[in-house]
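Read the structure below first, then the notes.
Residue numbers (my numbering): 121 to 512.
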């Protein structure tokens, strides 16, 4: 069936006919929502098993659960608010289902933009900016090694994307694995952390901003000690030092340090963001569209944060569709100074050509319909995860 664009007056003239998933050999799992208008929308739901995603789709989107009236198939794809409520609130979610439903929400917005011939940011209320500042990642090495820092700094500064801000991970300073749960740091650990970030500032210079990056592994005394150890280098953010959910530990940390605190990549929906805002425990929220409730749920977090004058950055370490969705949502958020972006973003081959335009550390906001990604289906088919059957 040939693709056609629908005008707003065509609401109700397209119907969802099928929902499919396919995992790539990179691990990223994509979802696809088809309609009888011959237009499909695409989303991304993180590094999940394809069969798990298909089972979740059966439960939450195709009416295979005990609540068949919540299914998406047979419904108007433009009723995104209704679908978001049914996926995230009318049926109890588990973490993997949260990611799947977030991917489906992303696909619904992509589909709506294609049906209406508009970029997603236009459907969200318009763009506050035509490009968005980015931050990226320092490579992993012994951060206490001055020689290694010299080489790493030269590499980061020569990156063709021109990033001006980098995350530097504390686990590389103390010699543990990423996300290894080590809540209590020793005085020796703190000294290594202090030295590591002093070297980071020395070699990156004053023109590069630094994010002190944790993975929710510390207890409050250790987080307070790390904040004191790195304060002299004036990091732009102290990210995810404490457990993902809200507790009084976040308030205690806020009261003991002057450096900006950021968290949020594991926050689900606005109700989990609310206590951080009410207590002014953090200076910035960093939700992830795949983890936080899709574009709809993350926009709700941003709208809530706006009431507290708290800026939003977007966590984004996934594939091409999450990059595209993040820039579209970031454009429509007034107080969104920057978003995350991996150094490999423009080399992802899901589309030909890759639509992401990054220059001088900033990503241009696409004005193409939907998420602005024309997927390269032949490439996707060749790069299926072992055992995947294609779109199924």
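All residues carry an ideal CB built from backbone N, CA and C; glycine is no exception.
query, result
"Under 8 Å, with one C-beta from each stretch per pair, do the region 428-446 and the region 225-245 reach the 3-pair mark?", "yes"
"Would you call residue 360 buried or exposed, if buried means 16 or more other Cβ atoms sit within 10 Å of its Cβ?", "buried"
"Please say whether residue 144 and residue 439 have beta carbons closer to each other than 9 Å?", "yes"
"Drop a sphere of 10 angstroms on the beta-carbon of residue 506, count the other beta-carbons inside from all chains shown, and report buried for 16 or more, exposed for fewer.", "exposed"
"Could you tell me the distance, in whole angstroms, from the CA atom of residue 171 to the CA atom of residue 223?", "15 Å"
"Relative to the C-alpha of residue 290, which residue among 248, 235, 350 is closest?", "350"
"Compute the distance between the beta-carbons of residue 452 and residue 245, then report whether it is under 9 Å.", "yes"
"On the three-state DSSP scale, how would you describe residue 349?", "helix"
"Label residue 382 either buried or exposed according to how many other C-beta atoms from any shown protein chain fall within 10 Å of its C-beta, with 16 as the threshold for buried.", "buried"
"Buried or exposed, going by whether 16 or more other CB atoms sit within 10 Å of the CB of residue 375?", "exposed"
"Measuring CA to CA, which of 159, 278, 220 is closest to residue 182?", "220"
"Pull up the CB-CB distance for residue 193 and residue 139, whole angstroms please, since I reckon it's below 8 Å.", "7 Å"
"Taking its Cβ as the centre, do 16 or more other Cβ atoms sit within 10 Å of residue 366, making it buried, or is it exposed?", "buried"
"Within 8 Å, do at least three Cβ pairs link the region 470-490 to the region 263-277?", "no"
"In the DSSP output, which residue or residues are listed as bridge partners for residue 224?", "Paired residue(s): none; residue 224 is not in a bridge."
"Around the C-beta of residue 420, are 16 or more other C-beta atoms found within 10 angstroms, so that it is buried, or is it exposed?", "buried"
"Could you check whether residue 151 and residue 235 sit closer than 9 Å to each other, using their CB atoms as the reference points?", "no"
"Can residue 320 be considered in contact with the ligand PLP, in the sense that its beta carbon sits closer than 8 Å to one or more heavy atoms?", "This structure simply doesn't include the ligand PLP, nor any ligand for that matter."
"Are there 16 or more other CB atoms within 10 angstroms of the CB of residue 399, so buried, or fewer, so exposed?", "exposed"
"If we count the other Cβ atoms within 10 Å of its Cβ and call it buried at 16 or more, is residue 513 buried or exposed?", "This structure leaves residue 513 out entirely; the chain is present only between 121 and 512."
"With burial defined as no fewer than 16 other Cβ atoms inside 10 Å of the residue's Cβ, what is the status of residue 286: buried or exposed?", "buried"
"With 16 as the cutoff for other CB atoms within 10 Å, does residue 210 come out buried or exposed?", "exposed"
"Consult DSSP for residue 316 and reduce its assignment to one of helix, strand or coil.", "helix"
"I'd like the ranges of any beta strand (DSSP E) spanning at least 3 consecutive residues and lying wholly in the region 417-499.", "458-460, 482-484"
"Could you please give me the residues that DSSP links to residue 404 through a beta bridge?", "382"
"Can you have a look at residue 278 and say buried or exposed, based on whether 16 or more other CB atoms are within 10 angstroms of its CB?", "exposed"
"For residue 227, which residues of its own chain have a beta-carbon under 6 Å away from its beta-carbon, when the five flanking residues on both sides are left out?", "151, 153, 161, 162, 163"
"Taking the beta strand (DSSP E) that residue 161 falls in, what are its first and last residues?", "160-164"
"Under 9 Å between the Cβ atoms of residue 330 and residue 356?", "yes"
"Taking the alpha carbon of residue 256 as the point to measure from, which residue in 188, 328, 299, 302 has its own alpha carbon closest?", "328"
"List the whole-angstrom C-beta distance separating residue 470 from residue 435, where the pair is believed to meet the contact cut-off of C-beta under 8 Å.", "Contact doesn't hold; Cβ gap of about 20 Å is too wide."
"Below 8 Å on the Cβ atoms is my guess for residue 467 versus residue 499; work out the distance and round it to an integer in Å.", "Not really, about 13 Å apart at Cβ, beyond 8 Å."
"Which of helix, strand or coil does DSSP assign to residue 181?", "coil"
"To the nearest angstrom, report how far apart residue 393 and residue 455 are at their CA atoms.", "16 Å"
"So, at 8 Å on beta carbons, what are the nonlocal neighbours of residue 254 in its own chain, with the 5 sequence-adjacent residues on each side left out?", "281, 283, 285, 458, 459, 460, 461, 478, 481, 482, 483"
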